[in-house]
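Colleague: Got a structure for you, written out below as structure tokens; questions coming shortly.
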Amino acid sequence: MTFNDLFRFALGSLGGHRLRTALSLLGMVIGVAAVVALTALGEGARRYVIEQFASIGTNLLIVVPGKTETTGLPGMVGGMPNELTLLDARALDRQIPEIDKVAPLVVGTDDASFGARRRQVAVVGSTWEFEEVRKLSVARGEFLPKADLQRGRPVVVLGLKVAQELFPGGEEPVGRIVRIGGWRMRVIGVLAPRGVQLGMNLDDVVIVPVVTAMKMFDRRSLFRIFVQVHGSAGLEATKQKVLRLLAERHDGTEDVTVLTQDALVATFSQILAALTLAVGAIAAISLSVAGIGIMNVMLVAVAERTREIGLLRAVGAGRRQVLVVFLTEAALLSAAGGLLGLAVGWLSIEILVQVFPALPASPPVWAVGAALALSFGVGLLFGWLPARRAARLDPVLALVSR
Amino acid sequence: MIRLEKICRTYQLGGQPVHALVDVDEHVPAGEHVAIMGPSGSGKSTLLYTLGCLDRPDSGSYWLAGREVARLSDEELTDVRRHHIGFVFQSFHLVPRLTAAENVELPMVFAGLPRAERRERVEAALASVDLSDRLDHRPDQLSGGERQRVALARATVMQPRLLLADEPTGNLDTSSGRQILDLLDHLNDAGTTLVVVTHDPSVARRAGRVIVLVDGHVVRRLPGGEVMGAADLFAP
Chain A
5 MTFNDLFRFA LGSLGGHRLR TALSLLGMVI GVAAVVALTA LGEGARRYVI
55 EQFASIGTNL LIVVPGKTET TGLPGMVGGM PNELTLLDAR ALDRQIPEID
105 KVAPLVVGTD DASFGARRRQ VAVVGSTWEF EEVRKLSVAR GEFLPKADLQ
155 RGRPVVVLGL KVAQELFPGG EEPVGRIVRI GGWRMRVIGV LAPRGVQLGM
205 NLDDVVIVPV VTAMKMFDRR SLFRIFVQVH GSAGLEATKQ KVLRLLAERH
255 DGTEDVTVLT QDALVATFSQ ILAALTLAVG AIAAISLSVA GIGIMNVMLV
305 AVAERTREIG LLRAVGAGRR QVLVVFLTEA ALLSAAGGLL GLAVGWLSIE
355 ILVQVFPALP ASPPVWAVGA ALALSFGVGL LFGWLPARRA ARLDPVLALV
405 SR
Chain B
6 MIRLEKICRT YQLGGQPVHA LVDVDEHVPA GEHVAIMGPS GSGKSTLLYT
56 LGCLDRPDSG SYWLAGREVA RLSDEELTDV RRHHIGFVFQ SFHLVPRLTA
106 AENVELPMVF AGLPRAERRE RVEAALASVD LSDRLDHRPD QLSGGERQRV
156 ALARATVMQP RLLLADEPTG NLDTSSGRQI LDLLDHLNDA GTTLVVVTHD
206 PSVARRAGRV IVLVDGHVVR RLPGGEVMGA ADLFAP
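Sequence order for the protein chains is A and B. If you're matching positions, the first sequence starts at 5 in the numbering used here and goes up one per residue. If you're matching positions, the second sequence starts at 6 in the numbering used here and goes up one per residue.
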């Protein structure tokens, strides 16, 4: 019996029971579609998060004072660790060519008021570079001026929410004088909406020149320094240069930590990939249910076609041939179900992407492959029992059965 | 062609052993036309299926064309059926979803014959039963007589030396039945050994020899021409 004959024979008997064939297909279609669609969703979420990080800037180094690892003897020799200063920030900017922009950061909280309205806000002290390093944009007015680092002018850029609360009813904030703590400052701009990023709600802050903030909070050191590296430069190499330069400036002790986005992104990516796998595995369970559906249908087919099986045996079909005929039917069922399920899954993803364009959902290749292979395998596995039953029928009893 | 020695076959029916064949000895030379008669449950169908290598005797020997087949494996028996034996059944046993041509093609599909040869043989076989114009008809589009003729074409398409028929006219009207019997006679004349199980004395009368089975025993052997009515045949 050639493969071609087998295929045609199996196709013919499946075609003979359209409704039953369609129903058992349906189970497989749903199973495969679920695997494809759910893993696509998981993968979409993973990519969404990565894109969010990328929008903050992937070639970003964050310099934090202090060492997170424990090294050497504690505090006996070195005393207090050196703090990050504005001069450190300027040195980074000037002495490391790979560095594109440096934004020093000082944070604190204080009251902001305009007239009778008053609320507590987070005060961020930084420089004009902060706008680009953190990919901010200004809705009205302008960002901090490109003035000398050391000049603390009394100007402020309001976060959207702060602006809305201090100036309700569409009043124009730009040009007005607001009070922040004990300081009178002129509003020069309002940020475009941004939301929470890296744990900071950028709609709920006010941004002032770094020196102004240092004066306000009576600080001499920086909270951290954001460093934007040139796109072409290696992030890791630059990180080492930053560490070396700051160690040099801090009497040879390495007392800062440099964080990169990469590590953070990798962690999130891993978590979400694991989640995708788990969701895919759960969906794969539905495939085994579909397999049981196929088994059911095949068992009914064997029972219904007992006389036909007897006849096939009489005209010279061997046990193995009968087994292969029924296995082929099961395999065809599951393969067709798998392909159809793939199409349905893909379609539902397309619809999803139409509705939520922000979600870059597409099924990972491994999931598509696994779903197809699994559906085929499940079909064969669950087709085995009915096919074996068909092959083991006693030909005489099969022929005379009702 | 066929030699049976002490063939016994017992099967269980509702917990009771049924002795379908008891020490059956028989010799059928090649080219003979034999009818098997007997009351219901006498074991005649069991004998036919044993001859057809679908059923295996519990004991005894069965030589088919000089080969002892009673102890062959399922695989080997399949091969014997494929190449040496054709079956015709009372209820035709056509596969309903297949056309007449596809039904006739079936034995050759399982034997793995090349497609071109199959086509040729299907056409020849259906022509020999006068159904050349029914190639693409499904069984439900054919009359009973036509169905049995398709079944006969299928039984002979592998050119078996032994043709077994189980009540071939049992579901047919007289004229269709006669047509089938004529075709069977014709095949027998051409050298095919023919064994027919029947209730009908008029069918048995065409056989060269009639074997009468009662309760698994061969009780009588007589020439076909001497068969009168069923009632006196089965009397002890």
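Yeah, the Cβ is synthetic: ideal placement off N, Cα and C, and Gly gets one too. All figures in this text were calculated on a predicted structure; none of them were measured in a lab.
1. For the beta strand (DSSP E) containing His32 (chain B), list its first residue and its last residue.
2. So what does Cys13 (chain B) bridge to, in DSSP terms?
3. What does DSSP give as the partner residue(s) for Met189 (chain A) in the beta ladder?
4. Going by the CB atoms, is the gap between Met32 (chain A) and Gly342 (chain A) shorter than 8 angstroms?
5. Going by DSSP, what residue range makes up the alpha helix (DSSP H) through Ser292 (chain A)?
6. So, does the stretch 19-35 of chain B touch the stretch 324-339 of chain A, judging by three or more C-beta pairs under 8 angstroms?
7. In chain order, which alpha helix (DSSP H) runs of at least 4 residues are fully inside the stretch 200-257 of chain A?
8. Look at the alpha carbon of Phe360 (chain A) and the alpha carbon of Glu136 (chain A), and state the distance between them as a whole number of angstroms.
9. Around the Cβ of Leu157 (chain B), are there at least 16 other Cβ atoms within 10 angstroms (buried) or fewer (exposed)?
10. Just curious, the alpha helix (DSSP H) that Ile100 (chain A) is in, first and last residue?
11. Along the chain, where does the beta strand (DSSP E) that runs through Ala40 (chain B) open and close?
12. Mind checking who Ala170 (chain B) pairs with in its DSSP beta bridge?
13. Using the three-state DSSP reduction, which class does Glu175 (chain A) fall into: helix, strand or coil?
14. By the 10 Å Cβ neighbour count, where 16 or more other Cβ atoms means buried, how is Leu403 (chain A) classified, buried or exposed?
15. Name the chain B residues whose beta carbon is nearer than 8 angstroms to that of Met5 (chain A)?
16. Who are the neighbours of Arg311 (chain A) on chain B, taking C-beta pairs under 9 angstroms?
17. What three-state label does DSSP hand Val81 (chain A) in the structure shown?
18. Under 8 angstroms, Cβ to Cβ, is there at least one residue of chain A near Glu80 (chain B)?
19. Inspect the beta-carbon positions of Val215 (chain B) and Val232 (chain B) and report whether they are closer than 8 angstroms.
20. Would you mind telling me which residues of chain A sit closer than 8 angstroms to Leu103 (chain B), beta carbon to beta carbon, in chain order?
21. By the 7 angstroms beta-carbon criterion, what residues does the stretch 58-87 of chain B contribute toward chain A?
22. Are the C-beta of Gly322 (chain A) and some C-beta of chain B separated by less than 8 angstroms?
23. Let me make sure I understand the geometry here. Which of A:Ala305, A:Leu351, A:Leu162 and A:Gln274 has the alpha-carbon closest to that of Ala334 (chain A)?
24. How far does the beta strand (DSSP E) with Ser130 (chain A) in it reach, from first residue to last?
25. Which partner residues does Asp114 (chain A) have in the DSSP bridge list?
26. At a Cβ cut of 9 angstroms, what residues of the stretch 148-160 of chain B count as close to chain A, listed as they run along the chain?
27. Of all the residues that make up the stretch 361-381 of chain A, which are near chain B by a beta-carbon distance shorter than 9 angstroms?
28. Taking a contact to mean a Cβ-Cβ separation below 8 angstroms, would you say Phe239 (chain B) touches Gly43 (chain B) in this structure?
29. Compute the Euclidean distance between the alpha carbons of Thr104 (chain B) and Asp145 (chain B), then round it to the nearest angstrom.
30. Does any CB atom of chain B fall closer than 8 angstroms to the CB of Gly20 (chain A)?
31. Determine the closest residue to Ala116 (chain A) out of A:Leu226, A:Arg183 and A:Ile192, with distance taken between C-alpha atoms.
32. Here's the rule I'm using: 16 or more other beta-carbon atoms within 10 Å means buried, otherwise exposed. How should Leu77 (chain A) be labelled?
33. Give the residues of chain A in contact with Phe4 (chain B), contact being defined as C-beta atoms less than 8 angstroms apart.
34. Does any residue of chain A have a CB that is nearer than 8 angstroms to the CB of Leu111 (chain B)?
Modeller: With the structure as the only source:
1. Translated into the one-based positions of the second sequence, residue 32 (chain B) becomes position 27. Unbroken beta strand (DSSP E) run through His32 (chain B): Gln21 to Val33.
2. By one-based count along the second sequence, residue 13 (chain B) stands at place 8. DSSP output for Cys13 (chain B) lists B:Ser64 as bridge partner(s).
3. Numbered from 1 along the first sequence, position 185 holds the residue referred to as residue 189 (chain A). A:Val182, per the DSSP bridge assignment.
4. Position 338 of the first sequence holds residue 342 (chain A). Position 28 of the first sequence holds residue 32 (chain A). Cβ distance < 8 angstroms, so Gly342 (chain A) and Met32 (chain A) count as in contact.
5. In the first sequence, residue 292 (chain A) corresponds to position 288, counting from 1. Per DSSP, Ser292 (chain A) belongs to the alpha helix (DSSP H) from Gln265 to Glu308.
6. no
7. 214-221 and 239-253
8. If you number the first sequence from 1, residue 360 (chain A) lands on position 356. If you number the first sequence from 1, residue 136 (chain A) lands on position 132. C-alpha separation (whole angstroms): 28 angstroms.
9. On the second sequence, residue 157 (chain B) is found 152 positions in, with the first residue counted as 1. Per the 10 Å Cβ criterion, buried.
10. Sequence index remark: in the first sequence, residue 100 (chain A) carries index 96 (1-based). Taken as a continuous stretch (DSSP letters only), Ile100 (chain A) belongs to no alpha helix (DSSP H), as it is neither H nor E.
11. Here residue 40 (chain B) is taken as the residue at index 35 of the second sequence, counted from 1. Its beta strand (DSSP E) spans residues His38 to Met42.
12. In the second sequence, residue 170 (chain B) corresponds to position 165, counting from 1. Partner(s): B:Val93 and B:Val201.
13. Here residue 175 (chain A) corresponds to residue number 171 of the first sequence, with the count starting at 1. Here Glu175 (chain A) sits in coil by DSSP.
14. Position 399 of the first sequence holds residue 403 (chain A). Buried is the call here.
15. The count along the first sequence starts at 1 and reaches residue 5 (chain A) at position 1. Near Met5 (chain A) (Cβ distances below 8 angstroms), the residues of chain B are Val114, Phe115 and Gly117.
16. The sequence position of residue 311 (chain A) within the first sequence is 307, counting from 1. Near Arg311 (chain A) (Cβ distances below 9 angstroms), the residues of chain B are Ser96 and His98.
17. Residue mapping note: residue 81 (chain A) aligns to position 77 of the first sequence, counting from 1. Note that Val81 (chain A) scores a pLDDT of 45, beneath 50, so its modelled location is shaky and nothing firm can be said.
18. Your numbering for residue 80 (chain B) matches position 75 in the second sequence. Cβ-Cβ to chain A under 8 angstroms: yes for Glu80 (chain B).
19. For the purposes of this step, residue 215 (chain B) is taken as residue 210 along the second sequence, with counting starting at 1. For the purposes of this step, residue 232 (chain B) is taken as residue 227 along the second sequence, with counting starting at 1. Their beta carbons are under 8 angstroms apart, which means Val215 (chain B) touches Val232 (chain B) by this criterion.
20. Looking up residue 103 (chain B) in the second sequence gives position 98. The contacting residues are Gly16.
21. Leu59, Asp60, Asp79, Glu80, Thr83, Arg86 and Arg87
22. Within the first sequence, numbered from 1, the residue matching residue 322 (chain A) stands at position 318. Yes, because at least one Cβ of chain B sits closer than 8 angstroms to the Cβ of Gly322 (chain A).
23. Within the first sequence, the letter at position 330 stands for residue 334 (chain A). Measuring from the Cα of Ala334 (chain A), the nearest candidate turns out to be A:Ala305.
24. On the first sequence, residue 130 (chain A) is found 126 positions in, with the first residue counted as 1. Looking at the DSSP string, the run of the beta strand (DSSP E) that includes Ser130 (chain A) is Arg121 to Ser130.
25. Working through the first sequence from its first residue, we reach residue 114 (chain A) at position 110. BP columns for Asp114 (chain A) point to A:Val125.
26. Sequence-ordered contacts of the stretch 148-160 of chain B with chain A read Arg159 and Ala160 [C-beta pairs closer than 9 angstroms].
27. none
28. Numbered from its first residue, the second sequence carries residue 239 (chain B) at position 234. Numbered from its first residue, the second sequence carries residue 43 (chain B) at position 38. Yes.
29. Here the question's residue 104 (chain B) lines up with position 99 in the second sequence. Here the question's residue 145 (chain B) lines up with position 140 in the second sequence. Taking the straight line joining both Cα atoms gives about 10 angstroms.
30. Here residue 20 (chain A) is taken as the residue at index 16 of the first sequence, counted from 1. Yes, Gly20 (chain A) counts as interfacial toward chain B.
31. In the first sequence, residue 116 (chain A) corresponds to position 112, counting from 1. For Ala116 (chain A), the closest C-alpha among the options A:Leu226, A:Arg183 and A:Ile192 is that of A:Arg183.
32. To locate residue 77 (chain A), count along the first sequence from 1; it is residue 73. Model confidence at Leu77 (chain A) stands at a pLDDT of 46, short of 50, so the residue's coordinates are unreliable and nothing is read from them.
33. Chain B is shown only over 6 to 241; residue 4 (chain B) falls outside these bounds and no answer can be derived.
34. Numbered from its first residue, the second sequence carries residue 111 (chain B) at position 106. For Leu111 (chain B), the answer is yes, since a Cβ of chain A falls inside 8 angstroms of its Cβ.
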